[in-house]
Every structure is written in C-alpha cells, then in structure tokens.
Amino acid sequence: MNEMKLNEIGKIDLTEDVIKISLHPSYRNGLQGLEGYSHVNILWWSHDCNNALSPLNMVTSTPYSPDDMGVFATRSPERPNPIALTTTEILHVDLDKGLLVVSWIDANEGSSVVDIKPYIPCLDRVEIPKTPSYLASWPISLEDSAEFDWASVFSH
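Number 156 marks the last residue of the sequence shown (UniProt numbering); no jumps.
1. List the whole-angstrom C-beta distance separating tyrosine 64 from valine 126, where the pair is believed to meet the contact cut-off of C-beta under 8 Å.
2. Between tyrosine 119 and serine 38, what straight-line distance do the alpha-carbon atoms span, to the nearest angstrom?
3. Leaving out five residues before and five after asparagine 29 in sequence, what residues of the same chain have Cβ atoms less than 8 Å from its Cβ?
4. By Cβ distance below 7 Å, which residues in the same chain neighbour threonine 88 in space, the five residues on each side in sequence not counted?
5. Would you kindly work out how many angstroms separate the C-alpha atoms of valine 59 and proline 66, rounded to a whole number?
6. As a quick exercise: from Glu16, Val93 and Thr86, pick the residue whose alpha carbon is nearest that of leucine 142.
7. Looking at glutamate 109 and isoleucine 21, is the spacing between their C-beta atoms short of 8 Å?
8. Quick check on the burial criterion: 16 or more other C-beta atoms within 10 angstroms. Buried or exposed for alanine 107?
9. Suppose the cutoff is 8 Å on Cβ atoms and the five residues either side in sequence are ignored; what does the same chain contact list for tyrosine 134 look like?
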C-alpha cells in the first residue's frame, strides 16, 4: 500500500458560542467566493479516533444496526483513515480572518480540517436514495435532522 500525505488547512474551533473553522493563513484566500453558497461540505480528521482499522478488521458493530457491518457501510470514525465528512450551513465567511462560521459540525474541538467544498445540489443531492430498512425512521434531510431524537437511535 502507498502512504499518502494530507495537509491540515485549519482547525475546528468550538471554544465560543459559535462553531468556527479557522484556516491557516496560507489557505485563507481559498474562502473567496464561498459566501455565495448556503451550505458546505467539511472534510476533517477524526483525531480522537486512535483505532485506525487494519485491512484484517474491516467488519464492525454499530449502535444503530442490528447486524455487524463492513466499515465502508457505516459513518463510524473508526476506519483505515479517520476522515470525516459533515454537510452544514454556512452562517458567515470572514476572508480576512480566515474564518468560516457554520451552524453545526460533529467534530471535536481542535479537529484538523483537511478540505472544504461547497455543497452543490446537482453533485451532492440524490433525489431518491436507497438506504437499509433499519434507517427508515431516520430523517430524510439535514434540516429534519435538527429536530430528530438522535439519543433514541444511539442508546443501545
């Protein structure tokens, strides 16, 4: 297997009442034009996951499925490369300070950001997605997720 290198472009900052993506100075100009979008995809490194899975351990249990699943059929941070993806609403872009303020992210304080991509419906939205039957009660949109009782799903 080939080893790859990622560059951290910024950090997740959860220290205040807002959720900020703070970009390193050399990446700040990359925010130019992002204010024209309502949503963004944030790719971040799940640094709190110390259990990078080996190719021999690719099946895992999940808190929401009745059966064990292959890691690529889950959103678990425990995977060969703990790269996580969050789609979230853009609240503010500050190009001068290199800040992106978002409505929500499931990352922890200090998580490394590895990329930011605008949410483009014709590329990121699937009109009628297929999901396993055990997900039938889950919300069908990001907006509906805000009101959903996630604790009932992950309380097993």
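Positions of the beta carbon are idealized from the N, C-alpha and C atoms, including for glycine.
This is what the structure gives:
1. About 20 Å separates the two Cβ atoms, so there is no contact after all.
2. 8 Å
3. Same-chain partners within the cutoff: Leu95.
4. The residues are His39, Val40, Ile42, Val102, Ser103, Trp104 and Ile105.
5. 13 Å
6. Thr86
7. no
8. buried
9. Tyr64, Ser65 and Pro66
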